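Input: a single structure, listed below in structure tokens.
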Amino acid sequence: MYQQEEEEKDTTASTVVISVASKLALQTASQSWHDLHTLRIVQLLTPPIPSPNPTPSHSPFPPASPPGPPLLADLPP
1 MYQQEEEEKD TTASTVVISV ASKLALQTAS QSWHDLHTLR IVQLLTPPIP SPNPTPSHSP
61 FPPASPPGPP LLADLPP
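In UniProt numbering, the protein residues as written are 1 to 77.
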């Protein structure tokens with residue numbers, strides 16, 4: 001009788017461990033899937049928009065050729 005109760009406790013403990021582990025794994029997988037899905041939605045919602053300006057305004061580099069009439073330095077001598 002005592003032996004059987006001890007075995008039941010062991011089974012319950014291992015079931016709890018398995019349950020917690022699987023919940024944690026599921027939560028982690030779900031979270032990473034959610035992050036990937038969110039990232040994908042953001043990528044889909046912000047496609048590269050072709051603009052008349054060759055570089056985006058947030059680029060640290062100046063445009064390769066400024067729009068409008070050529071500058072004095074750009075004219076051939």
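Here a beta-carbon is modelled for each residue, glycine too, at the ideal position from N, C-alpha and C. From a predicted model like this one, the values you see are computed outputs, not experimental measurements.
With DSSP run on the structure shown, which of helix, strand or coil describes Thr38?
-> Taking the sequence shown and counting its residues from 1, the one referred to as residue 38 is at position 38. Three-state result, Thr38: helix.
Identify whether Thr46 lies in helix, strand or coil by the three-state DSSP scheme.
-> Walking along the sequence shown from the start, residue 46 turns up at place 46. Looking at Thr46 - three-state DSSP - the assignment turns out to be coil, as it is neither helix nor strand.
What does a CB cutoff of less than 8 Å around Leu44 pick up in its chain, not counting 5 residues either side in sequence?
-> Your numbering for residue 44 matches position 44 in the sequence shown. Here the set comprises nothing.
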